[in-house]
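Numbered by the numbering used here, the letters in the sequence shown go through residues 195 to 951 in order. Idealized CB from N, CA, C, for every residue including glycine.
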Amino acid sequence: MPTTPTFDHAARATDRPLSEPTHDNFQRADFAKRIAQTLVSRTNPDSIVVGLYGKWGEGKSTVLNFIRHSLKEASGEVAVFNFNPWRFPDESQLLVNFFGELAKTIDQQLYNTKEKAAKILTSYIAPLIPSFGAGPVTADVGKSVGELSSKLLPDVDKLRSRLEDLLVKSGKRVVVIIDDIDRLEKTQIQTVFRLVKLTADFKHTAYLLAFDDVMVARAMGEVFESGAEDVAGDRPLQAGLNFLEKIIQVPLRLPRARPDALLKFCFERVDEVLTNAGLTLPDAEAQRLGNALRSAILPRLTTPRLAVRYANSLSFSLPLVLGEVNTVDFILVEAMNVFYPDLYSFVATHEGHLTGSTRDSSRIIYPQQDHTAEEKAVLNIGLDHYKLADERKAAENMLRALFPRVAKLLDKGHMFFGNTSRLTPDELTRNQHIAASTHFGRYFAYTVLLGDVPDEEITAFLQLSGSEQSQSAPLLIARLDMGTFLQKISFRTPTLETDQAEAVWEMILSVSPKLNTARAGLFFSRSEATQASWLLLQVLSKLPAAERLNRVKQLVEHQGVFALAEELVDILGDHSQSVLKRLREGYPDEEDKLFTQAEWESIEVELSAALLRRALVEAGDQPLYKIYPEASCRLMHRVWQLAPNQQPLVDYVMPFLRSEPKEIYELLEACSPHVSVNQGPMFRASINADTVDMLARSLGPELHEIARQVLGPEAIEEYPGNERDSQPPTPENRLRQFIYLYEKRDATPSAEVVEED
Numbered sequence: 195m196p197t198t199p200t201f202d203h204a205a206r207a208t209d210r211p212l213s214e215p216t217h218d219n220f221q222r223a224d225f226a227k228r229i230a231q232t233l234v235s236r237t238n239p240d241s242i243v244v245g246l247y248g249k250w251g252e253g254k255s256t257v258l259n260f261i262r263h264s265l266k267e268a269s270g271e272v273a274v275f276n277f278n279p280w281r282f283p284d285e286s287q288l289l290v291n292f293f294g295e296l297a298k299t300i301d302q303q304l305y306n307t308k309e310k311a312a313k314i315l316t317s318y319i320a321p322l323i324p325s326f327g328a329g330p331v332t333a334d335v336g337k338s339v340g341e342l343s344s345k346l347l348p349d350v351d352k353l354r355s356r357l358e359d360l361l362v363k364s365g366k367r368v369v370v371i372i373d374d375i376d377r378l379e380k381t382q383i384q385t386v387f388r389l390v391k392l393t394a395d396f397k398h399t400a401y402l403l404a405f406d407d408v409m410v411a412r413a414m415g416e417v418f419e420s421g422a423e424d425v426a427g428d429r430p431l432q433a434g435l436n437f438l439e440k441i442i443q444v445p446l447r448l449p450r451a452r453p454d455a456l457l458k459f460c461f462e463r464v465d466e467v468l469t470n471a472g473l474t475l476p477d478a479e480a481q482r483l484g485n486a487l488r489s490a491i492l493p494r495l496t497t498p499r500l501a502v503r504y505a506n507s508l509s510f511s512l513p514l515v516l517g518e519v520n521t522v523d524f525i526l527v528e529a530m531n532v533f534y535p536d537l538y539s540f541v542a543t544h545e546g547h548l549t550g551s552t553r554d555s556s557r558i559i560y561p562q563q564d565h566t567a568e569e570k571a572v573l574n575i576g577l578d579h580y581k582l583a584d585e586r587k588a589a590e591n592m593l594r595a596l597f598p599r600v601a602k603l604l605d606k607g608h609m610f611f612g613n614t615s616r617l618t619p620d621e622l623t624r625n626q627h628i629a630a631s632t633h634f635g636r637y638f639a640y641t642v643l644l645g646d647v648p649d650e651e652i653t654a655f656l657q658l659s660g661s662e663q664s665q666s667a668p669l670l671i672a673r674l675d676m677g678t679f680l681q682k683i684s685f686r687t688p689t690l691e692t693d694q695a696e697a698v699w700e701m702i703l704s705v706s707p708k709l710n711t712a713r714a715g716l717f718f719s720r721s722e723a724t725q726a727s728w729l730l731l732q733v734l735s736k737l738p739a740a741e742r743l744n745r746v747k748q749l750v751e752h753q754g755v756f757a758l759a760e761e762l763v764d765i766l767g768d769h770s771q772s773v774l775k776r777l778r779e780g781y782p783d784e785e786d787k788l789f790t791q792a793e794w795e796s797i798e799v800e801l802s803a804a805l806l807r808r809a810l811v812e813a814g815d816q817p818l819y820k821i822y823p824e825a826s827c828r829l830m831h832r833v834w835q836l837a838p839n840q841q842p843l844v845d846y847v848m849p850f851l852r853s854e855p856k857e858i859y860e861l862l863e864a865c866s867p868h869v870s871v872n873q874g875p876m877f878r879a880s881i882n883a884d885t886v887d888m889l890a891r892s893l894g895p896e897l898h899e900i901a902r903q904v905l906g907p908e909a910i911e912e913y914p915g916n917e918r919d920s921q922p923p924t925p926e927n928r929l930r931q932f933i934y935l936y937e938k939r940d941a942t943p944s945a946e947v948v949e950e951d
């Protein structure tokens, strides 16, 4: 039975080659053993040069170690000489040290021989020194080149024969192993091969050279380029390959690791990183990670070294962001960094084109416009680096696994890759995905960015009591801004326990005086007061059902600031009719269960009455349009009508205008429509015919009389300005607009009069 491979974790972490064949992950131990057996069992005394070819990181050094291991088992028959040419940049020094180390190796194996091989080699190399270069360098044999060159040189062939006789008598072979030749400088590579050529006919020796044949061929080809044919426009490469054919007698290509073995090896390294970080992935996330890695990195996972490099990158970077990003997403992003660096750079600089959910309604402002072609053109900027079909497909799969919008774009909405594709924006943020704009930057900065706070800090904040949260919230708001703070709390509401929900409710009421009631723009924008109101409704769903309506009534009557109460009544009032329709039809949504059907039926009237009572009490002897300019139009023309037992609106408003006629400017501005131009700030626009009709119905003709009293007898022949002006009108022009539209309204014959005519 074959031995089950174990893992040398220390070697993997440092990318050191493995030494024990039992650690073999890619079925190369048998390959190495056969090479060793062939070298040991050779009966031919002639020298042989074996080349082990492979790319950087494929595992050549590991296979050499396995060969050494097998040769060691045959130690009585072979002497292994591991020569490292890296330390000897000078040619002469390299030659001296090569023979010096070889002499030591032979002496260790021939200890019964009276005559020292080292002495013979010392004499043997002296005549070879001039051909390699000169210069005073100290050899391991204890003599400098200068001293050796000045001696009376013996017969070289005679010395060679004596050494070979010693080896024949010992019955041993010398195996010279030289690794990493392809990592040397060009001149050093050429020196090593001159050395091999010079000594390759030394009997009872074998050379085992490991290198990338293409890299070495290019280095050697510069010397022999002139005599080579120009094959495919690469004369130096062909010249180098021709040279290697003459030197390397047995070229062996390192067996390629099977893709499934490489992938398994990579997964094991990732598992080690997760274990060391104390992380265990849920089954669904582990499956998502496995599927994504398999489909995304296989074309690029060509060597074990890449897998180790990837694991090393994770082992350093993952602890920096633990708890602040989605673990699976981060592992995939780091894979992109290692295997698709150009794509990684593209993603890091295109947040706006990648983040977001396929269920994000804020991206559908103009649904009639199709931006697919534009989005694909941007996406191609990142993908066009990968010309091979399988690499491009794999790069697309990487993006699919991380960004729902990309998955939908590439698959034309028919198929979604992975289980994140249908998440809402809130769910993307809650799960800390890279597709959430709230978390995107963390994946590339390896930290929580300035202007943000760690998610773990929000988690700790939500563990506090209501009073403690109220004390801590202003500091968080100062660091984040109110909108971001409310958003972060909103993302956590689905996981709140009842006591946490009660604390958050209390905290929101305490910070409500700091809420801004202004909206940033017209489309899909919310004021901070609106945000807080929706957050309160989310929190309300976590409180006992019997308490919910009571809590809302208390808030509307006297808790928090008025703007918060007004927004809450507005939301629930608008929502109640659609909820009641679903309840009656028997198809309620989950949010419809916030209140009972009976509570939904009464909620708009009850809350409207409570809000109006509060507004009138807080306004005191001032009119609503002065105290609540933003809310007064809704208060007077909707809430007033819903609240029972109220005096007619005209009886409330007109006494104020009779007393201060110029307050009509404030009334008209408060009732003018809110608009935004090009998503700019909201402002009160020009008054329109619908607003004039509403005011005429609720306040009667006296309003026109007061308007004329303020403006005077000025004749208004045409509408001042334009209803679509991008700037608000002056108060005087708004008054003129009201008068013009009112008088035009009165001058238009009724339908009945037209028929009589």
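Reduced DSSP secondary structure (H/G/I, E/B, other) of residue i
i, result
"residue 372", "strand"
"residue 273", "strand"
"residue 445", "strand"
"residue 415", "helix"
"residue 494", "coil"
"residue 379", "coil"
"residue 253", "coil"
"residue 214", "coil"
"residue 465", "helix"
"residue 619", "helix"
"residue 732", "helix"
"residue 811", "helix"
"residue 540", "helix"
"residue 285", "helix"
"residue 643", "coil"
"residue 896", "helix"
"residue 820", "helix"
Straight-line Cα distance separating residue j from residue i
i, j, result
"residue 593", "residue 586", "11 Å"
"residue 708", "residue 665", "14 Å"
"residue 233", "residue 464", "38 Å"
"residue 798", "residue 682", "29 Å"
"residue 711", "residue 677", "11 Å"
"residue 876", "residue 885", "18 Å"
"residue 602", "residue 488", "20 Å"
"residue 758", "residue 733", "15 Å"
"residue 468", "residue 450", "28 Å"
"residue 400", "residue 441", "12 Å"
"residue 641", "residue 508", "14 Å"
"residue 752", "residue 534", "59 Å"
"residue 773", "residue 731", "15 Å"
"residue 384", "residue 447", "21 Å"
"residue 481", "residue 475", "9 Å"
"residue 358", "residue 239", "9 Å"
"residue 625", "residue 584", "31 Å"
DSSP bridge partner residues for residue i (one or two, in chain order)
i, result
"residue 401", "243, 370"
"residue 878", "868"
Cutoff 8 Å; reference residue i; Cβ partners in own chain excluding five residues on either side
i, result
"residue 444", "242, 243, 244, 245"
"residue 271", "234, 365, 366, 367"
"residue 788", "731, 734, 735, 742"
Contacts around residue i, its chain only, beta-carbon distance under 7 Å, and the 5 residues preceding and following it disregarded
i, result
"residue 944", "Here the model assigns residue 944 a pLDDT of 48, short of 50, so the residue's position is not dependable and the matter cannot be decided."
"residue 862", "881, 928, 929, 932"
"residue 824", "711"
Residues near residue i by beta carbon distance below 6 Å, same chain, minus five either side
i, result
"residue 257", "222, 226"
"residue 456", "495"
"residue 754", "703, 706"
"residue 610", "Any reading at residue 610 must be qualified, since the residue scores a pLDDT of 46, below 50, and its modelled position is unreliable; the value itself is stated next. So the list reads 601, once near-sequence residues are dropped."
Continuous alpha helix (DSSP H) assignments of at least 4 residues falling wholly in the segment 907 to 947
925 to 941
Go through the segment 651 to 721 residue by residue and report every complete run of the alpha helix (DSSP H) that reaches 4 residues or more, in order.
660 to 674, 676 to 686, 692 to 705
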